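Numbering (my numbering), first residue to last: 51 to 166.
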């Protein structure tokens with residue numbers, strides 16, 4: 051099992067290169083979704099940082115997939131304030147889905163978004 055993830059604002063590894071690689075993988079292997087997922091984080095820099103929520107529990111996602119057979123779907127990313135408290139959350143959707151604001155609810159709460 052493998053989870054690929056990168057930020058759309060990564061300045062070291064091109065996000066489009068990651069997407070291109072994943073699209074080639076899924077085109078070459080129709081069963082790729084049985085063992086791989088790609089998550090693209092809007093606003094995230096290289097590995098962390100940026101103006102958007104950038105933290106997710108990748109280890110728990112892969113553990114549950116390997117040990118329990120629960121493939122990851124919608125994950126939650128967090129943004130912390132200076133004191134270390136969660137200030138914003140956003141869903142991280144498996145590619146090619148993206149998080150879309152439902153049009154109501156707190157824009158800083160992941161529950162106000164749907165994966166489409």
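The beta-carbon is built from N, C-alpha and C at its ideal position, and this holds for glycine as well. Remember, it's a predicted structure, so these values are computed and weren't measured experimentally.
N-terminal and C-terminal residue of the beta strand (DSSP E) that residue i is part of
{"i": "residue 113", "result": "Where residue 113 is concerned, there is no enclosing beta strand (DSSP E), although the alpha helix (DSSP H) it sits in stretches over 108 to 118."}
{"i": "residue 88", "result": "86 to 91"}
{"i": "residue 126", "result": "125 to 130"}
{"i": "residue 57", "result": "52 to 57"}
{"i": "residue 164", "result": "163 to 165"}
{"i": "residue 149", "result": "149 to 151"}
First through last residue of the alpha helix (DSSP H) which encompasses residue i
{"i": "residue 139", "result": "Segment 136 to 142 is the beta strand (DSSP E) holding residue 139; no alpha helix (DSSP H) there."}
Integer-rounded CB distance, given that residue j should sit under 8 Å from residue i
{"i": "residue 103", "j": "residue 127", "result": "4 Å"}
{"i": "residue 109", "j": "residue 55", "result": "With 8 Å as the limit, residue 109 and residue 55 do not qualify as a contact, their Cβ atoms being about 12 Å apart."}
{"i": "residue 62", "j": "residue 72", "result": "About 18 Å separates the two Cβ atoms, so there is no contact after all."}
Residue environment, residue i, which counts as buried when at least 16 other CB atoms sit within 10 Å
{"i": "residue 80", "result": "exposed"}
{"i": "residue 152", "result": "exposed"}
Residue nearest to residue i in terms of C-alpha spacing, selected from the options
{"i": "residue 158", "options": "58, 129, 166 and 66", "result": "129"}
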